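Written below as structure tokens is the structure these notes are about.
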Amino acid sequence: MTVIGWVQIVLYCAIIVALTPVLGGYMTRVFNGERTFLSPVLRPVEALLYRVGGVNEKSEQGWLAYTIAMLLFHVGGFVILYALMRLQASLPFNPADQSAVAPDLSFNTAISFITNTNWQNYGGESTMSDLVQMLGLTHQNFLSAATGIVLAVALIRGFARASARTVGNFWVDITRCTLYVLLPICVVYTLFLVWQGIPQTLGAYVDATTLEGAKQTIAVGPVASQVAIKMLGTNGGGFFNANAAHPFENPTALSNFVQMLSIFVLGAALTNVFGRMVGNQRQGWAILAAMGVLFIAGVAVCYWAEANGTSLLNSLGLTGGNMEGKEVRFGIVASALFAVITTAASCGAVNAMHDSFTALGGMIPLINMELGEIVVGGVGAGLYGMLLFVIVTVFVAGLMVGRTPEYVGKKIEAREVKMAMLAILILPLMMLGWTAVAAVNPQALPQLGNSGPHGFSEMLYLYVSSAANNGSAFGGITANTLFFNITGAVAMFFGRFWMIVPAMAIAGSLAAKKSVPPSLGTFPTTGGLFVGLLVGVILIVGGLTFFPALALGPIVEHLAMQAGQVF
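The C-terminal residue of the sequence shown carries number 1619 in our numbering, and the numbering is unbroken.
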């Protein structure tokens, strides 16, 4: 660990905090339907889209209608994406003459991209045509990210409104999010990435002759536009198999730093949107502070573990930290920081091989995902996931003082607590349940690249990443099989939508309640005590749920490697 390394980490955190109120204020105006600096250009386009789609922007929906519209929207997205992959060989913009994608892989990939998971059981440049990359994957990157954001906004309205029956209009919200937030940023972002050296072309793949005289085909395509939204929308699915470690996706240290910023920036800004909409920005800062505590702790452990390496590496004279699986142009600190960021958010993009991290370094990405990726989290999904823990936290605080729990003027009663716990518990059910099935399944075990604790961690990571809608992997496992494609898709589907439906039910319940003015007995939720209690509840729930699995994987592996055993 070095001073320069910590300077990078501190600089990153400072920029995110500085951008939070700026973007938060802008997004609040967008979702409140107020005029923005882009309105003169985009408002006519927005109005035209409503007319073409038959949407009345003045009409709002209750939580159930909002949720059904969202689900139907995703059914349509699944059908379109699945069809594009199955018909790929007959469609244009296929410079490498890619064949149709197999049915089970198409199913897994379609579920993956509509759920914002972007888990990839394939190599992008060797499997998908330019058309599927653009019209299928990049398209869903925008829509799945926008969906997460608007669902968070709907839940925020539940806290902010009083005696209301509606939480917004899904069609209006997703139009505004895509048109005013995601598209403008991605246009500028794409141009920046092209400047950094990322390809953006519909031309044919390039043939090159190596120094040895061999022929090499270099894949190119509309890469920059996909990378922009994959990072900003915390999607993570790469154009290339090597993802953000590929020089055509992440060529420089500057592009790497900006990509890390873009992963967190919208998720952090939504905490400010929450504070503004409920009328107290300190509430948003308190939530961001709790996220920050967990994030800094994770970065410190991961950076320390990778910078110190292992006793086995040190005994071989390989001092200076663990560089296995890392790009030299990024180094240890940028690789460890990227790993923590991408798994704290539900991004899943990787600039290093997580499978090659030390046992404790690889444990931090696992923990981030097992906690539900609420440490900033995916755009929107991180906030509504954190708000579920907030509900549990104020419930616990209410039990301690013998009062009905309250949060931002709303009484938290049995219905909200039950719905919150239902949403929280679906993740361990999918993560640990499918891992247990795979651990005794003869079709799954031969696909592991390692034996012992690390092999178990590879399998656990697959289902943790799938259910948490992250998409990163311990790459030693061969997951493009019928068993993993189907079970992984089920974990992704329930991990996304089983959490969304209870969260939306909470939004509808809270919106219908009257606001309660604070009293002398109201538990303050903007100070250090609340932040500490919130962090404690998150760690207790996560610890009780996942510690047995962690003990069987990274912790045992760490102890074994310290003793000189290799898997």
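Positions of the beta carbon are idealized from the N, C-alpha and C atoms, including for glycine.
These numbers were taken from a predicted model, which means no experiment stands behind them.
Less than 8 Å between the beta carbons of residue i and residue j, yes or no?
i       : j       : result
Ala1271 : Tyr1257 : yes
Ala1472 : Gly1430 : no
Tyr1436 : Ala1555 : yes
Tyr1232 : Leu1094 : yes
Ala1466 : Met1551 : no
Phe1292 : Glu1468 : no
Asn1170 : Gly1523 : yes
Ala1280 : Tyr1241 : yes
Ala1212 : Met1329 : yes
Asn1173 : Asn1160 : yes
Val1062 : Arg1228 : no
Ser1181 : Asn1221 : no
Gln1248 : Ser1307 : yes
Phe1441 : Val1345 : no
Glu1379 : Ala1404 : yes
Pro1155 : Leu1183 : no
Tyr1134 : Ala1162 : yes
Gln1060 : Ala1386 : yes
Val1317 : Leu1572 : no
Thr1456 : Lys1463 : yes
Asn1502 : Phe1535 : no
Start and end of the alpha helix (DSSP H) containing residue i?
i       : result
Asp1407 : Asp1407 -> no alpha helix (DSSP H), and no H or E assigned at all.
Asp1225 : 1222-1228
Glu1468 : 1466-1491
Cys1238 : 1235-1248
Gly1622 : An answer regarding residue 1622 cannot be provided, because it is not within the stretch 1053 to 1619 covered by the chain.
Cys1065 : 1055-1083
Gly1383 : 1383-1396
Ile1132 : 1115-1138
Pro1096 : 1091-1105
Met1375 : Counting along the chain, Met1375 falls outside any alpha helix (DSSP H), and DSSP gives it neither H nor E.
Gly1414 : 1411-1422
Leu1157 : 1155-1166
In or out: residue i buried (at least 16 other Cβ within 10 Å) or exposed?
i       : result
Ala1099 : exposed
Gln1333 : buried
Val1239 : exposed
Val1043 : No answer is possible for residue 1043: the residues shown for the chain start at 1053 and end at 1619.
Gln1495 : exposed
Asn1108 : exposed
Glu1301 : buried
Ala1296 : buried
Pro1505 : buried
Lys1282 : buried
Met1137 : buried
Ser1158 : buried
Met1452 : exposed
Glu1264 : exposed
Asp1149 : exposed
Phe1089 : exposed
Thr1395 : buried
Lys1565 : buried
Ile1141 : It should be noted that the sequence gives Ala, not Ile, for residue 1141. Ala1141 is exposed by the Cβ-count criterion.
Please list the terminal residues of the continuous beta strand (DSSP E) segment that includes residue i.
i       : result
Asp1259 : 1258-1261
With a threshold of 7 Å on Cβ separation, who are the neighbours of residue i within its own chain once the five nearest residues in sequence on each side are excluded?
i       : result
Val1516 : Leu1418, Met1421, Glu1422, Met1483
Cys1354 : Ala1388, Ala1391, Val1392, Gly1413, Ile1416
Val1224 : Val1107, Glu1109
Ser1518 : Thr1169, Trp1171, Gly1540, Ala1543, Met1544, Gly1547
Tyr1513 : Leu1418, Ala1525, Phe1526
Lys1470 : none
Met1312 : Tyr1064, Leu1389, Phe1390, Ile1393
Skipping 5 residues on each side, what residues in its chain have a beta carbon closer than 6 Å to that of residue i?
i       : result
Thr1167 : Asn1521, Met1544, Arg1548
Tyr1064 : none
Ala1563 : Gly1210, Arg1213, Ala1216, Val1219
Ala1357 : Thr1410, Leu1412, Gly1413
Asn1324 : Thr1072, Pro1073, Gly1076, Gly1336
Less than 8 Å between C-beta atoms, sequence neighbours within five positions excluded: which residues of the same chain meet that for residue i?
i       : result
Gln1335 : Phe1326, Gly1327, Val1460, Thr1577, Thr1578
Gly1319 : Thr1286, Ala1397, Val1428, Gly1429, Gly1430, Val1431, Gly1432, Gly1434, Leu1435
Ala1066 : none
Residue ranges of each alpha helix (DSSP H) within the segment 1271-1350, 4 or longer | 1275-1284, 1305-1329
What alpha helix (DSSP H) runs, 4 residues minimum, are completely inside the segment 1493-1542?
-> 1504-1519
Could you give the uninterrupted runs of the alpha helix (DSSP H) lying entirely in the segment 1177-1222, keeping only those of 4 residues or more?
-> 1191-1212
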